[in-house]
Amino acid sequence: MFDQLKAQPQDKILQLIQMFREDGRDGKIDLGVGVYKDATGLTPVMRAVKAAEKKLWEVETTKTYTALAGEPAYNAAMTKMILGYAVSLDRVASVSTPGGTGALRQALELIKLASPEATVWLSAPTWPNHPSIVKYLGMKMAEYRYFDAETRGVDFAGVMADLAKVAPGDVVLLHGCCHNPTGANLDAAQWEQVVALLVTKGAIPLVDLAYQGFGDGLEADAAATRLVAKSFPEVLIAASCSKNFGIYRERTGILIGIGAADGKGVLQGNLNFLNRQNYSFPPDHGARLVTMILEDDALRADWMAELEEVRLSMLGLRKALADALRLATNSDRFDFVADHRGMFSRLGLTEAQVIRLREEHGIYMVGDSRINIAGLNARTVPILAAAIASVV
Ligand code: LMR
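In my numbering, each residue carries its 1-based index in the sequence shown increased by 14.
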């Protein structure tokens with residue numbers, strides 16, 4: 015049987031981690047996978063997470079199963095953090111999932127179950143795992159233009175022209191904030207227009223919210239998701255705690271489904287069913303930590319303060335890199351780096367330039383020239399700027 019297997023394409027982002035590890039050079043710089051790193055290059059356990067873990071160790075008396083949908087208190091706390099008061103809770107169903115990817119996978123499986131012929135629209139470009147999962151599930155897929163390679167901002171005319179072709183019942187995947195891989199985001203007025211267009215088209219939005227708190231702040235980063243949530247009769251939201259709680263390996267996420275109040279029971283039942291089919295009970299440790307933090311005033315305040323430190327440090331690095339690139343290239347062509355938000359910016363370099371940066375300078379970024387801003391620090395910003403100037 016196994017001789018029937020074909021080799022699978024390597025995940026380009028994960029491949030970079032291995033290449034970086036195997037590079038023996040001292041001054042190598044990792045701007046690949048989307049993991050936050052502090053100025054010393056460490057991905058710290060956040061203070062509130064450490065405190066919650068300590069407390070959990072003291073008070074936890076059992077490891078027996080929780081609920082198929084995950085711990086109800088976790089689902090409630092996350093729903094509140096993401097949706098605020100945007101929609102009535104009698105329309106909201108949810109399941110805890112293994113990370114944001116688990117939530118996306120469950121969302122797509124739910125769509126396939128309910129509407130196998132629906133086309134899933136993805137931004138061009140998008141996180142490579144989006145098309146990979148859609149394709150793996152054998153679903154129909156289409157792309158809408160998103161990124162303007164000239165300005166490195168959003169190609170808003172392209173977005174609107176392509177989304178005008180969406181058919182009723184099609185699913186449109188939207189990045190709730192901090193677009194991955196580009197770092198270019200719709201502004202509030204553009205979100206309004208996209209939502210108004212998609213409502214008239216009868217689309218079903220699937221929001222991927224993996225970076226809440228990394229862009230403009232915890233509340234501001236939820237604004238677009240809340241607008242979507244209250245504007246459509248049916249919405250799916252796949253959210254991750256990997257980045258904003260820094261609990262990557264704990265695999266903590268949530269899938270929220272919003273629909274008609276009288277259909278909530280069936281929707282919840284289907285979400286539970288999908289959990290049972292795919293992994294039965296979702297992982298609990300990370301979800302429990304998140305719940306403890308969100309429900310405790312002191313822990314929550316400390317977590318929010320540290321998240322804000324993380325966000326502001328990335329903003330500072332953006333500004334520093336834009337300034338350094340101005341100096342190094344004697345031009346304003348990279349000023350967009352300061353305007354982008356979130357962990358990533360797509361620099362607009364060619365694949366050959368990306369390879370040269372890796373081979374000649376030991377600087378690792380994804381092949382489409384996406385950099386993880388948090389991979390930089392005050393020392394490496396000018397090194398990166400000089401290296402970029404030498405290859406462009
Ligand atoms: C990324 O885009 O680098 C992150 O979302 C991590 C991943 O799993 O790809």
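Using N, Cα and C, we set each Cβ at its ideal position, and we do this for glycine too.
Since this is a predicted model, take the numbers as computed values, not measurements.
Please name the residue, chosen from Gly-114, Pro-23, Leu-177 and Thr-394, that lies closest to Met-92 on a Cα-to-Cα basis. On the sequence shown, position 78 is the one that residue 92 refers to. Here the closest residue by C-alpha is Gly-114.
Is it the case that the region 354–366 contacts the region 192–205, given that we only count it when at least three CB pairs across the two stretches are under 8 Å? Short answer: they touch.
Just verifying my parser: in three-state terms, what is the DSSP assignment at Gly-381? The residue labelled residue 381 in the question sits at position 367 within the sequence shown. Annotated three-state conformation of Gly-381 is coil, per DSSP.
Beta strand (DSSP E) segments (min. 3 residues) lying fully within the region 201–241: If we require 3 residues or more, the beta strand (DSSP E) runs fully inside the region 201–241 come out as 218–223.
From this set, Ala-107, Glu-365 and Asp-298, which residue's C-alpha is nearest Tyr-79's C-alpha? Numbered from 1 along the sequence shown, position 65 holds the residue referred to as residue 79. Taking each of Ala-107, Glu-365 and Asp-298 in turn and checking the Cα distance to Tyr-79, the smallest one comes out for Asp-298.
So, helix, strand or coil for His-189, using DSSP? Position 175 of the sequence shown, counting from 1, holds the residue named residue 189. In the structure shown, His-189 sits in a strand (DSSP, three-state: E or B).
Report yes if the CB atom of Met-155 is closer than 8 Å to the CB atom of Thr-133, and no otherwise. Numbered from its first residue, the sequence shown carries residue 155 at position 141. Numbered from its first residue, the sequence shown carries residue 133 at position 119. Contact flag set, yes.
Taking Leu-187 as the reference, give the member of Tyr-225, Phe-161, Ala-175 and Ala-138 with the closest Cα. Start at 1 with the first residue of the sequence shown, and residue 187 comes out as number 173. Nearest C-alpha to Leu-187 among Tyr-225, Phe-161, Ala-175 and Ala-138: Ala-138.
Could you check whether Gly-376 and Lys-149 sit closer than 8 Å to each other, using their CB atoms as the reference points? Taking the first residue of the sequence shown as position 1, residue 149 is located at position 135. Taking the first residue of the sequence shown as position 1, residue 376 is located at position 362. It is not a contact, given that the beta carbons lie outside the stated cut-off.
Any chance you could list the residues with Cβ under 5 Å from a heavy atom of the ligand LMR, keeping chain order? The answer, residue by residue, is Ile-27, Val-47 and Gly-48.
Any idea which residues DSSP pairs Met-155 with across the strands? Residue numbering aside, residue 155 sits at position 141 when the sequence shown is read from its first letter. Answer is Val-134.
Report the option in Ala-338, Thr-343, Ala-65 and Gln-282 whose CA atom is closest to the CA atom of Ala-121. Taking the sequence shown and counting its residues from 1, one reaches residue 121 at position 107. The shortest Cα separation from Ala-121 among Ala-338, Thr-343, Ala-65 and Gln-282 belongs to Gln-282.
Whether or not the region 52–63 and the region 310–326 are in contact is what I'm after, with contact meaning three or more pairs of Cβ atoms, one per stretch, closer than 8 Å; do they touch? The answer is yes - the region 52–63 touches the region 310–326, with three or more Cβ pairs under 8 Å.
Please return the same chain residues whose Cβ sits closer than 7 Å to the Cβ of Thr-239, not counting the five positions on each side in sequence. Walking along the sequence shown from the start, residue 239 turns up at place 225. Excluding its 5 nearest sequence neighbours in each direction, Thr-239 has C-beta neighbours in its own chain below 7 Å: Ile-96, Gly-190, Val-221, Leu-223 and Ile-251, listed in chain order.
Which stretch, first to last residue, makes up the alpha helix (DSSP H) that contains Ala-87? On the sequence shown, position 73 is the one that residue 87 refers to. Here the alpha helix (DSSP H) through Ala-87 covers 86–97.
Extent of the continuous alpha helix (DSSP H) to which Ser-102 belongs: What you label residue 102 is simply residue 88 of the sequence shown in a count that begins at 1. Following the DSSP letters along the chain, one finds Ser-102 in no alpha helix (DSSP H), marked with neither H nor E.
Around the C-beta of Pro-112, are 16 or more other C-beta atoms found within 10 angstroms, so that it is buried, or is it exposed? As a position in the sequence shown, residue 112 is number 98, starting the count at 1. Pro-112 should be labelled buried.
The region 269–279 / the region 20–33 touching (three or more Cβ pairs under 8 Å): Contact between the region 269–279 and the region 20–33 is absent: fewer than 3 CB-CB pairs across the two stretches fall below 8 Å.
In its own chain, which residues sit with a C-beta less than 7 Å from the C-beta of Ala-438, not counting the 5 before and 5 after it? Here the chain comprises residues numbered 15 to 406, so residue 438 is not present and cannot be evaluated.
Name the one or two DSSP bridge partners that Val-249 has. Taking the sequence shown and counting its residues from 1, the one referred to as residue 249 is at position 235. Answer by DSSP bridge pairing, in chain order: Ile-272.
Between Ile-218 and the rest of its own chain, which residues show a CB-CB distance below 6 Å, the 5 nearest in sequence each way excluded? Here residue 218 refers to the residue found at position 204 of the sequence shown. Hits under 6 Å: Val-185 and Glu-248.
Since I believe Val-324 is in contact with Phe-259 (beta carbons under 8 Å), could you give me their beta-carbon distance rounded to a whole number of angstroms? Start at 1 with the first residue of the sequence shown, and residue 259 comes out as number 245. Start at 1 with the first residue of the sequence shown, and residue 324 comes out as number 310. 11 Å between Cβ atoms; not a contact.
Can you tell me whether DSSP reads Asn-386 as helix, strand or coil? Along the sequence shown, one-based indexing puts residue 386 at 372. Reduced to three states, the DSSP call for Asn-386 is strand.
Tell me which residue opens and which closes the alpha helix (DSSP H) that Phe-170 is part of. In the sequence shown, the residue the question calls residue 170 occupies position 156. From DSSP, the alpha helix (DSSP H) with Phe-170 extends over 170–177.
Residue from Asp-346, Leu-331 and Met-306 with nearest C-alpha to Ala-13: Summary: the structure shown does not reach residue 13, with the chain confined to residues 15 through 406, and so no result is reported for it.
Between which residues of its own chain and Ala-83 is the CB-CB distance below 6 Å, once the five residues before and five after are set aside? As a working mapping, residue 83 is identified with position 69 in the sequence shown. So the list reads Val-109 and Asn-286, once near-sequence residues are dropped.
Between Phe-350, Leu-212, Thr-214 and Gly-229, which has its C-alpha nearest Thr-165's C-alpha? Reading the sequence shown from its first residue, position 151 is the one you call residue 165. Minimum Cα distance to Thr-165 is reached at Phe-350.
Cutoff 8 Å; reference Val-106; Cβ partners in own chain excluding five residues on either side: Counting from one through the sequence shown, the residue named residue 106 turns up at place 92. Listed in chain order, the non-local C-beta contacts of Val-106 below 8 Å within the same chain comprise Thr-93, Leu-97, Ile-270, Gly-271, Ile-272 and Lys-278, local neighbours out to five positions each way being set aside.
My assumption, with CB atoms under 8 Å, is that Val-406 sits in contact with Thr-343. Please give the rounded CB distance. Position 392 of the sequence shown holds residue 406. Position 329 of the sequence shown holds residue 343. Right, their Cβ atoms sit about 7 Å apart.
Which of helix, strand or coil DSSP assigns to Phe-350: Reading the sequence shown from its first residue, position 336 is the one you call residue 350. DSSP places Phe-350 in helix when its eight states are reduced to three.
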